[in-house]
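Since the structure comes first, as structure tokens, the remarks are kept for the end.
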Amino acid sequence: MSVATHETSMGLDHRKLAMWIFLASEFLFFGAFVSAYLLYLDTTNRGPGVEIFDIPFTSVSSFVLLMSSLTMVLAHNSHVRGDMRGMRLWILATAGQGMVFLGGQVYEFTVFFREGLDLTQSPFASSFFFLTGFHGAHVFIGVLILLGLYSLSLTGKVKVGQDVKTEMVGLYWHFVDIIWVIIFTVVYLIPELRVGG
Amino acid sequence: MADTTQAGAPAEAEGGADGHHPTQQEYIRIAVVLAILTALEVSTYYFEFGRAALPLLIVLMAIKFVMVAGFFMHLRFDTKLFGRFLYTGLAWAVVLYTLTLLVFVVDANQ
Amino acid sequence: MAMTTTPTTGAPTPRFRPSSREGILSWIGTTDHKRIGIMYFWTVLVFFAFGGTQSGLIRAQLAQAEQSLITAEIYNQMFTMHGITMVFLVVMPFAAAFFNYLLPLMIGARDVAFPRLNAFSYWFYLFGGVFLYSSFLLGGAPNGSWVGYAPLSANAVSNMAFYAVGLQILGVSSLASAINFITTILNMRAPGMTFMRMPIMVWMTLVTSFLLLFAVPIIAVALFMLQFDAVFGAQFFQPASGGDPLLYQHLFWLFGHPEVYIMILPAMGVVSEVMPVFSRKPLFGYAAMAFAGAAIGFIGFGVWAHHMFTSAIGPVPRAAFSVATMFIAVPTGIKIFNWVFTMWGGKIRFTTAMLFSVGFVSMFTIGGLSGVMHAVVPHNAQQHDTYFVVAHFHYVLFGGALFGFISGVYYWFPKVTGKLMDEKLGKLHFWTWLLGFNLTFGPMHLSGLLGQPRRTAVLPEELGGTVELYNLLSSLGFVVLFGSALVFLYNLIRSLRRGEVSGDDPWDARTLEWMTATPPKPHNFDEIPTITARDEFWHRKYAEDEQHVPVPVPAGASVDTDEHAGHGEHIHMPDASVWPFIHTMGVLPLGYGLVYANWWLIGAGVVWMVAGFFGWIIEPLAEGDDDEPATALAAH
Ligand code: HEM
Ligand SMILES: [Cu+2]
Chain H
208 MSVATHETSM
218 GLDHRKLAMW
228 IFLASEFLFF
238 GAFVSAYLLY
248 LDTTNRGPGV
258 EIFDIPFTSV
268 SSFVLLMSSL
278 TMVLAHNSHV
288 RGDMRGMRLW
298 ILATAGQGMV
308 FLGGQVYEFT
318 VFFREGLDLT
328 QSPFASSFFF
338 LTGFHGAHVF
348 IGVLILLGLY
358 SLSLTGKVKV
368 GQDVKTEMVG
378 LYWHFVDIIW
388 VIIFTVVYLI
398 PELRVGG
Chain V
52 MADTTQAGAP
62 AEAEGGADGH
72 HPTQQEYIRI
82 AVVLAILTAL
92 EVSTYYFEFG
102 RAALPLLIVL
112 MAIKFVMVAG
122 FFMHLRFDTK
132 LFGRFLYTGL
142 AWAVVLYTLT
152 LLVFVVDANQ
Chain G
1257 MAMTTTPTTG
1267 APTPRFRPSS
1277 REGILSWIGT
1287 TDHKRIGIMY
1297 FWTVLVFFAF
1307 GGTQSGLIRA
1317 QLAQAEQSLI
1327 TAEIYNQMFT
1337 MHGITMVFLV
1347 VMPFAAAFFN
1357 YLLPLMIGAR
1367 DVAFPRLNAF
1377 SYWFYLFGGV
1387 FLYSSFLLGG
1397 APNGSWVGYA
1407 PLSANAVSNM
1417 AFYAVGLQIL
1427 GVSSLASAIN
1437 FITTILNMRA
1447 PGMTFMRMPI
1457 MVWMTLVTSF
1467 LLLFAVPIIA
1477 VALFMLQFDA
1487 VFGAQFFQPA
1497 SGGDPLLYQH
1507 LFWLFGHPEV
1517 YIMILPAMGV
1527 VSEVMPVFSR
1537 KPLFGYAAMA
1547 FAGAAIGFIG
1557 FGVWAHHMFT
1567 SAIGPVPRAA
1577 FSVATMFIAV
1587 PTGIKIFNWV
1597 FTMWGGKIRF
1607 TTAMLFSVGF
1617 VSMFTIGGLS
1627 GVMHAVVPHN
1637 AQQHDTYFVV
1647 AHFHYVLFGG
1657 ALFGFISGVY
1667 YWFPKVTGKL
1677 MDEKLGKLHF
1687 WTWLLGFNLT
1697 FGPMHLSGLL
1707 GQPRRTAVLP
1717 EELGGTVELY
1727 NLLSSLGFVV
1737 LFGSALVFLY
1747 NLIRSLRRGE
1757 VSGDDPWDAR
1767 TLEWMTATPP
1777 KPHNFDEIPT
1787 ITARDEFWHR
1797 KYAEDEQHVP
1807 VPVPAGASVD
1817 TDEHAGHGEH
1827 IHMPDASVWP
1837 FIHTMGVLPL
1847 GYGLVYANWW
1857 LIGAGVVWMV
1867 AGFFGWIIEP
1877 LAEGDDDEPA
1887 TALAAH
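If you want it as structure tokens, here you go:
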């Protein structure tokens, strides 16, 4: 780990390279969930189906997550410029938006439970909760990491000039965001077309 | 990457363009575009687009994806290798799972 | 020694850091890829003993028709745990042992890219194994076979929750290693070590790691679904509510077929290193070898449904997957011919290592041919779930992967220990191993074609005397193998204690790992070599005369053991750290919590792991932080 970037064979930072490799594999992970969801779209076992979605509500929380990518990249930008106060501020903003998104998900799940859609209701329900739930878990981990980064920058473990650290966190965060870009369209909007909302 | 080349890296080692990163204003402009695209997506829920809706949604999704990956994840300014990883992973997943779903539909009730 | 491998900067030594290189703590805290490789190896041997015992029970039960030495329930647990153990706790980590030990040495690096992550992988593997085996004490081991087909496996009586969670843990270990190794290979090659100069073993490490990278996430999803079906009442594979068991089969084999290449490619790498050395010739068709390996990996993703020919998939997919499967035989055949041509016209030395490699090529070819037979759909309908399939995959896994790995053990033992393994005992081991192996698995081809079903606790009498005879032979074969394994173990331990001293280059080898001290120092190379050729070490030792006969270069091969080389240079070596160990231990409460749906345990595990992770990242690194600005750069 201590090898400086310019000593590596490809002139790349180990950690960034590793992060990109990891993200590549995550597509196979989420892809399997998406396939199960598409396969079971109509397998509702006489329970609620896609018509249960609250598109306006989900649109808002999707928008919040999308904008958290902006604050994330601004945090990195501040870090590069050596503006640690700005970086911390934007990190907190990002984590905050992540938490809003998670709160929205908790709310959404609760409403669905009340309306009779829970994990055990049908293959459709299981695959919906799994896909969005595992994405939520990724967001949750992201929030933890963001808060970790925030505190480490306070204690001086993350310093000016170590912006690769913020960049790494950012890569993960943006990735979770682009996965949601896909989910929002494939899980919510496209099936909703058939319902004719 | 500006931050890595500062350490005195040999220039030839750097795979990608050493182009400047966007400024804060540019990032915000990108975010505004993303917001507009999202609004367009959501509009398919409120208005009838007919048969255009599905391709429209997919194209919008792809544009958003590429924009976030390209600007926010710096793919446009970083070495090409990173982008190759990302899009190989994506393509691989799409191909494998499409095949899988096809196996479910192609004369499954033989 | 002039060189310091322990950090000398003024940073405080963290409290829990083991500072010595001896004692149990130094192993728990090690981040040295060589020591981690050694730990993988010994752990593999232990699990091999377990898996072997289980297969012994299976063979005892089937030695005669209508026996009931063990109940059907125990029988099911035995074949399930045998399969899981051999695949996930023996063959895969055996490959990891080689990768760990050899990869940095072969590319001229001082360690892997992320030494602590590497330790993490090992501990996850160990705890995953311990977790799986603890099921024996907690109400019975998984009994739904290593493929764990749903919905049967989602049923509580199958104890498959342990399988689902245990394999998940092992998957994390594999994924972390894969990322680590890919980064290492891409980014840490010595100057001049281009891709086309890398040893084939390194190529196979790269391909295997990519297969893991893309295959492990798929089974992760399958296992999550299975586990939630089993424990939390999800409906993924429950036909009653419309769930489709085929989804499980698809996800499993989307992983499962790449998995078989994950198991065989490393052994192919080993053999590709051993054969040229003992034939005194460069590997025939290097580029073809590298690309055939990559092609196998690539096509290997597109053939999974050949395991499902007898499931409900339509004729068009069947035909397509049948053809795709047969295509894999092409790159595989290329490899086999290349090994043969490597030996062709060479000055062959039949050391034990070489014998095992030749054994690999011959046994694997047999297994490959029966594989092509399965690929023929009508054939498959006849063979599926019979002992014919059992014969097939043992010829590729045992005759293939395991023969290759054992060849590697004999070949690299001197590198690791500085001592040679006994060749007489080695040859005894090889011939009994070959005999026992063929005696055990050869007859299964025939009994399978005569209709003996696999995964069946009792051998039915109505199959007739011939089938009974074949089974008796198989069981006798097991006895031979058991004896042979004891010879191997004895040889290992004896050679460790008082084996002949090997010197630095006992085999007149070709690749970089032999160019440094034996056993290697913690930092591998005093000076990172500059690579000018494939088979670098060989080219430093020999030039060619006009007839292309190698002639030794006088004093050409200075083995890098000079105590004073690189005098005064400060080599940065990764610090020892116990945090990976502490962090990964949290997976045990988490795992039990998931199996028993106990939220307290789950919470405890998560908190433990998060805390361990923070301990890990805030641990001061004495050698300076990764990208410590200004101050640390000055200290470089
Ligand atoms: C020439 C290459 C190969 C071909 C064409 C091939 C083909 C097949 C086919 C078609 C099956 C399904 C049989 C059935 O259950 O009906 C099968 C099963 C199996 N193969 Fe291979 N195979 C090849 C190489 C390998 C290798 C290299 C390994 C492992 C190192 C392997 C391990 C297995 C295992 C473990 C099974 C049994 C799976 C089960 O439990 O059903 N195969 N093979
Ligand atoms: Cu297969």
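Residue numbers (my numbering), protein chains in the order written: chain H, 208 to 404; chain V, 52 to 161; chain G, 1257 to 1892. Glycine included, every Cβ here is placed at the ideal spot set by N, Cα and C.
Status (buried if at least 16 other CB within 10 Å, exposed otherwise) for residue i
| i | result |
| --- | --- |
| Thr392/H | buried |
| Ile1569/G | buried |
| Gly1266/G | Since pLDDT at Gly1266/G reaches only 41, below the 50 mark, its modelled position is unreliable, and the value read off the structure follows with that caveat. With fewer than 16 other Cβ atoms within 10 Å, it is exposed. |
| His221/H | buried |
| Ile1784/G | buried |
| His1804/G | exposed |
| Gly256/H | buried |
| Ile1280/G | exposed |
| Ser1814/G | Bear in mind that a pLDDT of 49 at Ser1814/G, under 50, signals an unreliable position, so the number given afterwards is only what the model happens to contain. Looking at its Cβ environment, which holds fewer than 16 other Cβ atoms inside 10 Å, Ser1814/G is exposed. |
| Ile348/H | exposed |
| Ser1311/G | buried |
| Asp370/H | buried |
| Arg1291/G | buried |
| Ile1749/G | exposed |
| Asp1485/G | buried |
| Val1343/G | buried |
| Phe1488/G | exposed |
| Val1614/G | buried |
| Arg1605/G | exposed |
Any non-hydrogen atom of ligand 2 within 6 Å of residue i CB
| i | result |
| --- | --- |
| His1640/G | no |
| His1648/G | no |
| His1635/G | no |
| His1513/G | yes |
Closer than 7 Å at the beta carbon, the chain V residues around residue i
| i | result |
| --- | --- |
| Glu399/H | Tyr96 |
| Phe1557/G | Leu147 |
| Met294/H | Going along chain V, no residue has its Cβ under 7 Å from Met294/H, so there is no contact; the nearest lies around 12 Å. |
Per-residue contacts from residue i into chain V (C-beta, under 8 Å)
| i | result |
| --- | --- |
| Thr392/H | Glu92, Leu108, Ile109, Leu111, Met112 |
| His1804/G | Result: empty, since nearest Cβ-Cβ is about 36 Å, beyond 8 Å. |
Chain H residues whose Cβ lies nearer than 8 Å to that of residue i
| i | result |
| --- | --- |
| Arg1445/G | Ser216 |
| Gly140/V | Leu230, Ala231, Ser232, Glu233, Phe234, Leu235 |
| Val84/V | Correct list: empty, because the minimum Cβ distance to chain H is about 11 Å. |
| Ala104/V | Leu400 |
Counterpart residues of residue i in DSSP-defined beta bridges
| i | result |
| --- | --- |
| Ala1799/G | Val1807/G |
| Pro1709/G | Thr1642/G |
| Val1757/G | Lys1675/G |
Chain-ordered chain A contacts of residue i [CB-CB under 7 Å]
| i | result |
| --- | --- |
| Phe1470/G | Annotation note: the requested chain A is absent from the structure, which comprises protein chains H, V and G. |
Closer than 7 Å at the beta carbon, the chain G residues around residue i
| i | result |
| --- | --- |
| Thr130/V | Per Cβ cutoff of 7 Å: no residues; Thr130/V is ~11 Å from chain G at best. |
Contacts of residue i in chain G (Cβ-Cβ under 9 Å)
| i | result |
| --- | --- |
| Ala344/H | What Ala344/H touches in chain G: nothing, since even the nearest Cβ is about 11 Å away. |
Per-residue contacts from residue i into chain H (C-beta, under 9 Å)
| i | result |
| --- | --- |
| Pro1473/G | Ser232, Glu233, Phe234, Leu235, Phe236, Phe237, Gly238, Ala239 |
| Ser1731/G | Per Cβ cutoff of 9 Å: no residues; Ser1731/G is ~41 Å from chain H at best. |
Chain G residues whose Cβ lies nearer than 8 Å to that of residue i
| i | result |
| --- | --- |
| Ser360/H | Residues of chain G passing the Cβ test: none, with the nearest at roughly 12 Å. |
Chain-ordered neighbours of residue i on chain H, where CB pairs are closer than 7 Å
| i | result |
| --- | --- |
| Ala1476/G | Phe236 |
TODO: Please go through the segment 1384-1408 of chain G and give each complete beta strand (DSSP E) segment of 3 or more residues, from N-terminal end onward.
DONE: Here no run is fully enclosed.
Open item on the list: What ranges does the alpha helix (DSSP H) occupy inside the segment 1269-1330 of chain G, keeping only unbroken runs of at least 4 residues that lie completely in it?
Closed with: With a minimum length of 4 residues, the continuous alpha helix (DSSP H) runs that stay inside the segment 1269-1330 of chain G are 1279-1284, 1289-1318.
TODO: Would you mind listing the alpha helix (DSSP H) stretches within the segment 69-138 of chain V that are 4+ residues and don't spill past its ends, in chain order?
DONE: Runs found: 75-97, 104-118.
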